[in-house]
Amino acid sequence: MDMANWQNYRSQVNGMPAVFTANIEDLDVYHGKHLSKVVQFTVPYQGDEDGLP
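Each number in our numbering corresponds to the 1-based position in the sequence shown with 1014 added.
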């Protein structure tokens, strides 16, 4: 696994700060293909003193 292809993004989920990590190599694999499945998962939010996970 090439760690150079991982990127971090900061955003908000339900009004709370969130950090997402994505492998940009995967974008090339799945981009433009007809995908019909949606996956939803729940992760408990535990923020540090700055409110970040």
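Even glycine gets a Cβ: it sits at the ideal position worked out from N, Cα and C.
On a predicted model such as this, the values are computed, not experimentally measured, just so you know.
The beta carbons of residue 1036 and residue 1021 sit closer together than 7 angstroms. DSSP places residue 1023 inside the beta strand (DSSP E), whose first and last residues are 1020-1027. Beyond the five residues adjoining it in sequence on each side, residue 1024 comes within less than 6 angstroms, by CB distance, of 1033 in the same chain, given in chain order. Considering only 1028, 1038, 1031, the residue with the shortest C-alpha distance to residue 1019 is 1038.
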